[in-house]
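Chemist: Below are the C-alpha cells for one structure; questions will follow.
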Amino acid sequence: MKNIKNAAVIFMAFHLISLIIPGDAHAYINPGSGSFIVQVIIASLLGGAVTAKLYWSGIKNFFKRLFSGRKKG
Amino acid sequence: MEPSDNGVITGSFRDPSGFVFRENGKVYRQINKSYSENYEQLMQSGLYKNLADAGLLIPHEEAPVHSSEPGGAYKTIRPEAIPFISYPYEWCFGQLKDAALLILEIEKKAIELGMSLKDASVYNVQFLRSKPVLIDTLSFEKYRQGEPWIAYKQFCQHFLAPLALASFKDARLTQLLRIYIDGIPLDLANSLLPFRSRLNPYLFLHVHLHAKCQEHFENKPVSKKNIDRTAFLAIIDSLRSVVSGLKWRPRKTAWSGYYMDTNYSADSFMRKKNIVSGFLNKVNSETVWDLGSNTGVFSRIAADKGMDVVSFDADHSCVEKNYAECIEKKRTNVLPILLDLTNPSPAIGWDNRERLSLSERGPADTALALALIHHLAIANNLPMDKIAEFFSKICRRLIIEFVPKTDSQVKRLLISREDIFSCYSQESFEKEFSEFFDICSAEHIDGTDRKLYYMIRKK
Numbered sequence: 000m001k002n003i004k005n006a007a008v009i010f011m012a013f014h015l016i017s018l019i020i021p022g023d024a025h026a027y028i029n030p031g032s033g034s035f036i037v038q039v040i041i042a043s044l045l046g047g048a049v050t051a052k053l054y055w056s057g058i059k060n061f062f063k064r065l066f067s068g069r070k071k072g
Numbered sequence: 000m001e002p003s004d005n006g007v008i009t010g011s012f013r014d015p016s017g018f019v020f021r022e023n024g025k026v027y028r029q030i031n032k033s034y035s036e037n038y039e040q041l042m043q044s045g046l047y048k049n050l051a052d053a054g055l056l057i058p059h060e061e062a063p064v065h066s067s068e069p070g071g072a073y074k075t076i077r078p079e080a081i082p083f084i085s086y087p088y089e090w091c092f093g094q095l096k097d098a099a100l101l102i103l104e105i106e107k108k109a110i111e112l113g114m115s116l117k118d119a120s121v122y123n124v125q126f127l128r129s130k131p132v133l134i135d136t137l138s139f140e141k142y143r144q145g146e147p148w149i150a151y152k153q154f155c156q157h158f159l160a161p162l163a164l165a166s167f168k169d170a171r172l173t174q175l176l177r178i179y180i181d182g183i184p185l186d187l188a189n190s191l192l193p194f195r196s197r198l199n200p201y202l203f204l205h206v207h208l209h210a211k212c213q214e215h216f217e218n219k220p221v222s223k224k225n226i227d228r229t230a231f232l233a234i235i236d237s238l239r240s241v242v243s244g245l246k247w248r249p250r251k252t253a254w255s256g257y258y259m260d261t262n263y264s265a266d267s268f269m270r271k272k273n274i275v276s277g278f279l280n281k282v283n284s285e286t287v288w289d290l291g292s293n294t295g296v297f298s299r300i301a302a303d304k305g306m307d308v309v310s311f312d313a314d315h316s317c318v319e320k321n322y323a324e325c326i327e328k329k330r331t332n333v334l335p336i337l338l339d340l341t342n343p344s345p346a347i348g349w350d351n352r353e354r355l356s357l358s359e360r361g362p363a364d365t366a367l368a369l370a371l372i373h374h375l376a377i378a379n380n381l382p383m384d385k386i387a388e389f390f391s392k393i394c395r396r397l398i399i400e401f402v403p404k405t406d407s408q409v410k411r412l413l414i415s416r417e418d419i420f421s422c423y424s425q426e427s428f429e430k431e432f433s434e435f436f437d438i439c440s441a442e443h444i445d446g447t448d449r450k451l452y453y454m455i456r457k458k
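Respectively, the protein sequence lines represent chains P and D.
The letter at position 3 of the first sequence is residue 2 when you use numbering that gives the first Met the number 0, and the numbering goes up by one with no holes.
The letter at position 51 of the second sequence is residue 50 when you use numbering that gives the first Met the number 0, and the numbering goes up by one with no holes.
Quick look at the structure:
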C-alpha cells in the first residue's frame with residue numbers, strides 16, 4: 000500500500016514539474032497558460048468519450064461476457 | 000473614412016504577418032515576408048479555394064501595388080471590398096452566433112488541409128451579402144500535430160462568452176464587447192452567468208472551468224502537452240455543439256410589435272410606402288442607411304430597388320427579426336445593425352482609432368429617418384437644430400418623416416411628462432433642417448397628420 004502511495008506521489012510530482020517547464024511561445028497573441036491546460040483536460044475527457052464511442056460495441060460485449068460468465072460460474 | 004497613418008489603416012497593426020492599407024480609394028493587404036510560407040501553403044493546399052468558393056473566406060486577387068512601408072513585403076493582395084464595416088457590439092444574437100459557427104467551420108476545414116487559425120478574433124469577421132465571412136486572410140498557420148489551439152482563449156472570450164451571456168442572462172450584455180476590446184474576460188462571464196449555465200457540460204468546460212484554469216495558472220509558463228489531431232477536432236466539435244445549442248428568442252418588446260400598434264390604417268401605411276418608394280426612385284443611390292428601421296419594412300423597399308441598405312435599430316428583438324427575415328428570404332443587400340442613435344458606437348481601441356465610430360463610416364448616400372424625429376426631439380430632449388446638424392453629417396440625401404404633436408404616438412410620449420416642447424412644430428422642423436438641407440419635396444400622408452420630406456444636403 001505504501002509503495003502504491005509513493006508511486007502515486009512521484010507520478011503527480013512528475014506531472015506538476017512538467018507543468019513548470021516553460022514551452023516556447025511564438026504566437027503573436029497571448030493564449031495564456033490556463034487556456035492550454037483546460038484544453039488538455041477537455042481533450043482527455045473528450046478523448047475518453049470518443050474512445051468509448053469508437054469501442055462501444057466492444058465495451059458492451061466485454062460486460063456481457065463478464066456477467067454471463069459470472070452467472071455460469 | 001477610417002483614420003490612417005500614411006495609408007495604413009490604423010486598426011491593422013497588431014499582426015506582424017501584414018497589414019491593411021488604402022491606396023487610391025481601394026483597400027489592400029500587404030503580406031510580409033515572415034508570412035510567405037503560410038500564405039503559399041494556404042494557396043497551394045487548396046484551403047483558400049475551398050473556403051473562398053464556399054463563401055467563408057473573403058476572396059482576393061494578387062495586386063502589383065505597394066504600401067508606404069514596402070520594406071518587409073512579400074506580396075500585396077486586394078480583398079473584395081466590404082460595403083459597411085460593422086462590429087460585434089452592433090450585431091444581434093443571431094449574427095454573433097453565425098460568426099462563431101463560421102470560425103469553427105473554417106478551423107475544421109483548415110485542420111483537414113494541414114492548417115489552423117492562429118487567431119479567432121471576432122473583428123476578423125465581417126458581413127458580406129448578409130452572411131458572415133472571414134476577412135483576415137493571414138489568420139492561417141501550418142497545423143502542428145500535438146499542439147493545442149492557440150486561438151482557443153480568444154474564441155471563448157470573443158464569441159462563446161457573449162453568446163452564453165445573451166442566451167442565459169440578457170442579450171444586452173453583448174455590449175460588454177464594446178468595453179473589452181479582447182473579448183469578455185471569462186472570470187466576468189463566470190460571475191454573471193446563472194448557476195443553470197453550469198449544468199450544460201460543454202459550457203461548464205469551455206467557460207467556467209476555463210475561467211478557473213486561467214485564474215489558477217495565470218502567468219505560469221507551461222509546456223504544451225500533446226493534444227492529438229482527433230482530440231483537437233473533438234474540442235472544435237464540442238465548441239460547435241455548445242454554440243449551436245445556445246438560443247435567444249426575440250421577446251415581444253414595445254418595438255417588435257410596433258407595426259401592429261401604430262397610427263396608420265392599412266391604407267395610410269400603403270400611401271406612406273408609396274411616397275417613400277417614389278422618393279427612393281428620385282434618389283437612385285447606391286447605399287442607404289435606414290435609421291430607426293424597426294424590423295426593416297422600409298429597408299426592404301430600398302433593397303428591392305437594388306440599393307445596399309444598412310438597417311439600424313436600437314431594439315435587439317427588432318434587429319434579430321430583421322436578420323431572421325434576411326436569412327429566410329436570402330436577402331443579400333440588407334445588413335441589420337444594432338445601434339442607439341442617441342449614443343452611437345464610438346471609436347474605440349488603441350488611441351481610439353482601432354474601431355470606427357458611426358460617423359467615420361459615413362456619410363451614406365441616402366438616409367431614411369421615418370417615424371423617428373419625435374423620439375429624438377421629444378423622448379430624448381434633443382434640440383431640432385442639433386438633430387438637423389447630425390443628419391447633415393451622416394448623409395447626403397435624407398428622406399424624413401415629420402410627426403406632429405397631434406399624432407397619437409407623440410401624445411403617448413407626452414402623457415406622463417410636461418410638454419416643454421413649445422418649439423416642436425412643422426415650421427421649426429422645416430426652418431432648422433433648411434439650414435443644412437434643401438427641401439426638394441414634401442408630401443402629406445393622407446389619413447394621418449404626418450408629412451414626408453425629401454431633402455438634399457447643402458454644399
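From the three backbone atoms N, C-alpha and C, an ideal C-beta is built for every residue, glycine too.
Note down, in chain order, all residues in the region 229-246 of chain D with a beta-carbon under 8 Å from any beta-carbon belonging to chain P.
Modeler: If the cut-off is 8 Å between Cβ atoms, the region 229-246 of chain D has 229, 230, 231, 233, 234 and 237 near chain P.
Chemist: Check the Cβ of residue 214 of chain D against every Cβ in chain P and list those closer than 8 Å, keeping chain order.
Modeler: Those are 33, listed as they occur along chain P.
Chemist: Taking the beta strand (DSSP E) that residue 91 of chain D belongs to, which residues open and close that run?
Modeler: Residue 91 of chain D -> no beta strand (DSSP E), and no H or E assigned at all.
Chemist: On the DSSP bridge assignment, give the partners of residue 221 of chain D in chain order.
Modeler: Looking at the DSSP assignment, residue 221 of chain D forms no beta bridge with any residue, so it has no partner.
Chemist: Could you please tell me which residues of the region 137-152 of chain D, in chain order, have their CB closer than 8 Å to any CB of chain P?
Modeler: Those residues of the region 137-152 of chain D that come within reach of chain P (Cβ to Cβ, closer than 8 Å) are 147, 148, 149, 150, 151 and 152.
Chemist: Anything in the region 159-173 of chain D with a Cβ closer than 9 Å to a Cβ of chain P? List those residues in chain order, please.
Modeler: Here the close residues number zero.
Chemist: Going by other Cβ atoms of all chains shown within 10 Å of its Cβ, with 16 needed for buried, is residue 411 of chain D buried or exposed?
Modeler: Under this definition residue 411 of chain D is an exposed residue.
Chemist: Name the DSSP beta bridge partners of residue 31 of chain D, please?
Modeler: Residue 31 of chain D pairs with D:72.
Chemist: Looking only at its chain, what residues have a beta carbon closer than 6 Å to the beta carbon of residue 357 of chain D, apart from the 5 residues adjacent to it on each side?
Modeler: Within the same chain, residue 357 of chain D has close Cβ partners 343 and 344.
Chemist: Exposed or buried, which one is residue 444 of chain D when buried takes at least 16 other CB atoms within 10 Å?
Modeler: Answer is buried; the Cβ neighbour count reaches 16.
Chemist: I'd like to know if residue 41 of chain P contacts chain D, where contact means its C-beta is closer than 8 Å to some C-beta of that chain.
Modeler: At least one chain D Cβ lies under 8 Å of residue 41 of chain P.
Chemist: Is the region 130-146 of chain D touching the region 182-199 of chain D, taking contact as three or more C-beta pairs under 8 Å?
Modeler: Because the criterion of three Cβ pairs below 8 Å is not met, the region 130-146 of chain D and the region 182-199 of chain D do not touch.
Chemist: Okay, do the region 295-303 of chain D and the region 71-83 of chain D touch, 3+ Cβ pairs below 8 Å being the bar?
Modeler: Segments in contact, no.
Chemist: Quick one: using the 10 Å Cβ neighbour count with 16 as the cut-off for buried, is residue 426 of chain D buried or exposed?
Modeler: Per the 10 Å Cβ criterion, exposed.
Chemist: Use the C-beta contact count for residue 43 of chain P: other C-beta atoms within 10 angstroms, 16 or more gives buried, fewer gives exposed.
Modeler: Residue 43 of chain P should be labelled exposed.
Chemist: Residue 36 of chain P versus chain D: which residues are under 7 Å apart at the beta carbon?
Modeler: Neighbours of residue 36 of chain P on chain D, chain order: 212, 216 and 221.
Chemist: In the structure shown, what three-state DSSP assignment does residue 106 of chain D receive?
Modeler: Helix, per DSSP.
Chemist: Between the C-alpha atoms of residue 21 of chain P and residue 330 of chain D, what's the straight-line distance to the nearest angstrom?
Modeler: Per-residue confidence for residue 21 of chain P stands at a pLDDT of 42, beneath the threshold of 50, marking its modelled position as unreliable; the derived number appears in the next sentence. About 51 Å.
Chemist: DSSP on residue 270 of chain D, reduced to helix/strand/coil?
Modeler: Correct three-state label for residue 270 of chain D: helix.
Chemist: Whose C-alpha, out of D:326, D:16 and D:21, is nearest the C-alpha of residue 8 of chain D?
Modeler: Closest option to residue 8 of chain D, Cα to Cα, is D:21.
Chemist: Should residue 192 of chain D be flagged as near chain P, meaning a C-beta pair shorter than 8 Å?
Modeler: Judged by the 8 Å Cβ criterion, residue 192 of chain D is not in contact with chain P.
Chemist: Is there a Cβ from chain D that is less than 8 Å from the Cβ of residue 57 of chain P?
Modeler: No - not a single Cβ of chain D is within 8 Å of the one on residue 57 of chain P.
Chemist: By Cβ distance below 8 Å, which residues in the same chain neighbour residue 394 of chain D in space, the five residues on each side in sequence not counted?
Modeler: So the list reads 288, 361, 362, 363, 364, 365, 366 and 456, once near-sequence residues are dropped.
Chemist: Count the other C-beta atoms from every protein chain shown that fall within 10 angstroms of the C-beta of residue 185 of chain D, then say buried if there are 16 or more, exposed otherwise.
Modeler: Looking at its Cβ environment, which holds 16 or more other Cβ atoms inside 10 Å, residue 185 of chain D is buried.
Chemist: Exposed or buried, which one is residue 405 of chain D when buried takes at least 16 other CB atoms within 10 Å?
Modeler: Exposed, because fewer than 16 other Cβ atoms sit within 10 Å of the Cβ of residue 405 of chain D.
Chemist: Grab me the residues of residue 379 of chain D's own chain with a C-beta within less than 7 Å of its C-beta, minus the 5 sequence neighbours each way, in chain order.
Modeler: Cβ within range, chain order: 341.
Chemist: Looking at residue 107 of chain D and residue 149 of chain D, is the spacing between their C-beta atoms short of 8 Å?
Modeler: Not a contact, by the Cβ cut-off of 8 Å.
Chemist: Given residue 80 of chain D, which residues of its chain have a CB within under 7 Å of its CB, disregarding the five upstream and five downstream residues?
Modeler: Cβ within range, chain order: 26.
Chemist: Which value, in whole angstroms, describes the spacing of the CA atoms of residue 37 of chain P and residue 226 of chain D?
Modeler: Cα to Cα, residue 37 of chain P sits roughly 11 Å from residue 226 of chain D.
Chemist: Could you check the C-alpha separation between residue 284 of chain D and residue 306 of chain D for me, to the nearest Å?
Modeler: Cα to Cα, residue 284 of chain D sits roughly 7 Å from residue 306 of chain D.
Chemist: I'd like to know whether the C-beta of residue 60 of chain P is nearer than 8 Å to at least one C-beta of chain D.
Modeler: No - not a single Cβ of chain D is within 8 Å of the one on residue 60 of chain P.
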